[in-house]
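Take a look at the structure below.
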Ligand code: MN
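This is how it looks when you write it as structure tokens:
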């Protein structure tokens, strides 16, 4: 009995060392580095967005779902470096797809959580409001289109307001899973998660109700800041025509 317990304990200790050591264990032989990503903390309390988003959803969504994407991203970084060092090209193609899925999952969740706040909602002002009016006609027209795009996502995905610097314009895009359908070279400045894990505990199958509720927690100053950061990149052909 004692030996059996010792054996189990040593397996557990060995597994803990492996899990802990894995991201740092690789020695890049070709000059690459393995980046270690961390789960960002929420910029508010778990219950801050109630009644629109329940504390239970926020805990699960951030601590379990986003955390899983961060873990998947770290795993992909590690496996990619290993596959490159070993010249295993079939594995590289698989892990690059994992990198796209988990890396995009992490990035979109970070933006989604950062762009919400309590006592928020309403309408944007300043440059963001002007650009929305220019590209969509009015705030109401934009809101209708964004909500319809969110309701129309088939299966799991996102709707995003993106800035495309080459076209000097805002677009609404649907993103399937976390990475498919994005407009190349565009910068997401506001995203809405319509995966079922984002709302099912509270809204069950009523996705339209989830979308309507979410507008009450949109942090417009944060979205405006994202647009002004995205504008700091001015492509050559746009600056040449100014
Ligand atoms: Mn999510």
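Numbering (our numbering), first residue to last: -18 to 223. We treat Cβ as the ideally placed atom computed from N, Cα and C, and that holds for glycine. Keep in mind the model is a prediction, meaning the values are calculated, not measured.
Please identify the residue among the options whose C-alpha is closest to the C-alpha of residue i.
i	options	result
residue 158	81, 55, 70	81
residue 17	26, 42, 62	62
residue 168	28, 64, 149	149
residue 209	68, 122, 32, 110	110
residue 151	202, 160, 115	115
residue 25	100, 74, 189	100
residue 217	78, 147, 196, 160	147
residue 32	55, 201, 183	183
residue 103	205, 197, 67	197
residue 107	214, 201, 67	201
residue 193	129, 93, 163, 92	129
residue 195	164, 166, 30, 42	30
residue 45	67, 22, 66	22
residue 55	97, 35, 14, 178	14
residue 205	112, 162, 180	112
Spell out the partners DSSP gives residue i in its beta bridges.
i	result
residue 142	153, 171
residue 199	97
residue 161	157
What residues in its chain sit with their C-beta under 6 Å from that of residue i, if we drop five residues either side in the sequence?
i	result
residue 72	64
residue 119	none
residue 51	18, 20, 87
residue 214	146
Residues in the same chain with beta-carbon distance under 8 Å from residue i, minus the five sequence neighbours each way, listed in chain order, please.
i	result
residue 127	140, 142, 153, 173
residue 76	57, 60, 61, 64
Looking only at its own chain, which residues have a Cβ that is under 7 Å from the Cβ of residue i, when we skip the five neighbours before and after it?
i	result
residue 189	132
residue 95	24, 203
Let me know the alpha helix (DSSP H) ranges lying completely inside the stretch 83 to 152, each 4 residues or longer, listed in chain order. Every unbroken stretch of the alpha helix (DSSP H) spanning 4 or more residues and falling wholly within the stretch 83 to 152 is given here in chain order: 107 to 117, 120 to 132.
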